[in-house]
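**Q** What follows is a structure written as C-alpha cells; I'll ask about it next.
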Amino acid sequence: LAGVLRYSDRLLILWSPKYFSRLWCAYELASWLYLGRELDESIFMPVLLACSFVMWSMAFVCYWILQEVTTSSSNVVQLVVPPVAMFLWGLPLTHMLRATCQDQKLLADQLETFTIRSTHCFCCDHGHEDPVTKMPLRCDRTLVYRTLERWWREDLPSISGEELHLDSFDEHVRKTFASSVMRAWTIPFSYQDALFMSAPFSWSLMHRFIWSLRYFDAPTGFRFVAEGLIFWIAVGP
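In the numbering used here, the protein residues as written are 1 to 237.
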C-alpha cells in the first residue's frame with residue numbers, strides 16, 4: 001500500500017461511517033504521513049455525498065428531458081409535469097442530503113475519539129482463524145503496529161517508548177487532520193458541486209444557442225442563451 005501511495009500525487013479518501021474503524025484505512029493515512037505528505041492536502045469525499053451529487057445531476061437530466069418532451073404539449077402540461085416530477089424525485093434526494101449532515105456530526109465524533117487501537121481487522125475479528133477453511137491467519141494488526149513503530153524510530157530515533165508511535169499517530173489524526181477536514185466540510189456541498197449537479201442545464205444552453213442561430217435574429221438568440229446561462233449558474237445551483 002505504501003508503495004502505491006509513493007507514486008500518487010493525491011490521496012482521495014472515500015469516507016463512510018466505517019472508514020475510521022478499519023485498521024487498513026488507518027494504515028493508509030499513516031503511510032501518507034510517512035511519505036512526507038500532509039493529510040490536509042488530501043481530497044476528502046463522503047460516499048453518500050458523492051452519490052447525492054450524481055443523483056441530483058440525474059434529476060436535472062430528467063427535468064431537462066421533460067421540458068423538451070412537453071414543449072409541444074399544452075401550457076398546463078408544460079407548467080405542471082416537470083416541477084411535479086422534480087419534486088417527487090427530490091424527496092429521496094433531500095433525505096440523502098439530510099443523512100449527509102448527520103454523517104458530518106458522526107465524523108466529528110469519530111475524529112475526536114479516534115485511536116488506532118480500537119480499529120477492526122478481519123483476522124482479529126475472527127480469532128485469527130479463517131471462518132471457512134479454519135486455517136490460522138497471520139495477524140495484520142501486529143504487522144501494521146510494527147511498521148508504524150519502525151517509521152516512528154526512523155524519524156525520532158532518540159525517543160523511546162512502548163506505544164509512543166501509536167499515540168503520536170492518534171494525536172495527528174485527532175488534531176491536524178480533524179481540523180482540516182471539518183474546516184473543508186462546513187456545509188454539505190460547495191457552489192462548484194452545485195454547478196456539477198446542474199450541468200444538464202448547460203446542455204439546454206448549447207441547444208438553445210444552436211437553435212437560436214438557425215431560427216432567430218441576434219437579439220432573440222442572445223436572450224435565449226442568457227436564459228439558459230442563468231438557469232445553469234444561478235437557478236440550478
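Glycine included, C-beta positions come from ideal geometry on N, C-alpha and C. The model shown is predicted, which means the values in this text are computed figures rather than measured ones.
#1: Mark H95 as exposed unless 16 or more other C-beta atoms lie within 10 angstroms of its C-beta, in which case mark it buried.
#2: Given S52, which residues of its chain have a CB within under 7 Å of its CB, disregarding the five upstream and five downstream residues?
#3: In this structure, how does DSSP classify L23 when only helix, strand and coil are distinguished?
#4: Along the beta strand (DSSP E) that carries L14, what are the first and last residues, could you check?
#5: Note down, in chain order, each residue of its chain lying with its Cβ closer than 6 Å to the Cβ of W56, except the 5 sequence neighbours on either side.
#6: Mapping the DSSP letters down to three states, classify M45 as helix, strand or coil.
#7: Could you check the C-alpha separation between V54 and P136 for me, to the nearest Å?
#8: Just curious, the alpha helix (DSSP H) that D167 is in, first and last residue?
#9: Taking DSSP as the reference, what is the three-state secondary structure of L38?
#10: Suppose you measure from the CA of L29 to the CA of S190; what does that come to, to the nearest Å?
#11: Looking at Y63: is its Cβ nearer than 8 Å to the Cβ of M86?
#12: Taking Cβ to Cβ, would you say L5 is nearer than 8 Å to S42?
#13: Closer than 6 Å by C-beta to C124: which residues in its own chain qualify, once you throw out the five before and the five after it? Chain order, please.
#14: Just to confirm my understanding: we take L1, look at its own chain, exclude 5 residues before and 5 after, and list those with CB closer than 7 Å. What are they?
#15: Which same chain residues, not among the five before or five after L247, have their C-beta less than 7 Å away from its C-beta?
#16: Could you tell me which of A59, V225 and R153 sits nearest to L88, measuring between CA atoms?
#17: Can you list the alpha helix (DSSP H) stretches of 4 or more residues lying completely in the region 93–131, in chain order?
#18: Out of Q192, H126 and I116, state which residue places its alpha-carbon closest to the alpha-carbon of H165.
**A** According to the data block:
#1: Sequence index remark: in the sequence shown, residue 95 carries index 95 (1-based). The residue is exposed, with fewer than 16 neighbouring Cβ atoms inside 10 Å.
#2: Within the sequence shown, numbered from 1, the residue matching residue 52 stands at position 52. Within the same chain, S52 has close Cβ partners L93, M96, L97 and T100.
#3: On the sequence shown, position 23 is the one that residue 23 refers to. Three-state DSSP puts L23 in a helix.
#4: Numbered from its first residue, the sequence shown carries residue 14 at position 14. Per DSSP, L14 belongs to the beta strand (DSSP E) from L12 to W15.
#5: Indexing the sequence shown from 1 puts residue 56 at position 56. The residues are L93 and M197.
#6: Numbered from its first residue, the sequence shown carries residue 45 at position 45. DSSP places M45 in strand when its eight states are reduced to three.
#7: The residue you call residue 54 lines up with position 54 of the sequence shown. The residue you call residue 136 lines up with position 136 of the sequence shown. Taking the straight line joining both Cα atoms gives about 43 Å.
#8: If you number the sequence shown from 1, residue 167 lands on position 167. Start and end: L164 to H172.
#9: Here the question's residue 38 lines up with position 38 in the sequence shown. According to the sequence as given, residue 38 is Glu; it is not Leu. Of the three classes helix, strand and coil, the one that applies to E38 here is coil, per DSSP.
#10: On the sequence shown, residue 29 is found 29 positions in, with the first residue counted as 1. On the sequence shown, residue 190 is found 190 positions in, with the first residue counted as 1. Each residue's Cα considered, the two are about 25 Å apart.
#11: Numbered from its first residue, the sequence shown carries residue 63 at position 63. Numbered from its first residue, the sequence shown carries residue 86 at position 86. Closer than 8 Å, so yes.
#12: Counting from 1 along the sequence shown, the entry for residue 5 is found at position 5. Counting from 1 along the sequence shown, the entry for residue 42 is found at position 42. Not closer than 8 Å, so no.
#13: Along the sequence shown, read from residue 1 onward, the residue named residue 124 stands at position 124. So the qualifying residues of the chain are R141.
#14: On the sequence shown, position 1 is the one that residue 1 refers to. Closer than 7 Å at Cβ, skipping near neighbours: Y27, E28 and S31.
#15: There is simply no residue 247 to check, as the chain begins at 1 and stops at 237 in what is shown.
#16: Numbered from its first residue, the sequence shown carries residue 88 at position 88. Residue A59 is the option with its Cα nearest to L88.
#17: 122–125
#18: On the sequence shown, position 165 is the one that residue 165 refers to. For the residues Q192, H126 and I116, the minimum Cα distance to H165 belongs to I116.
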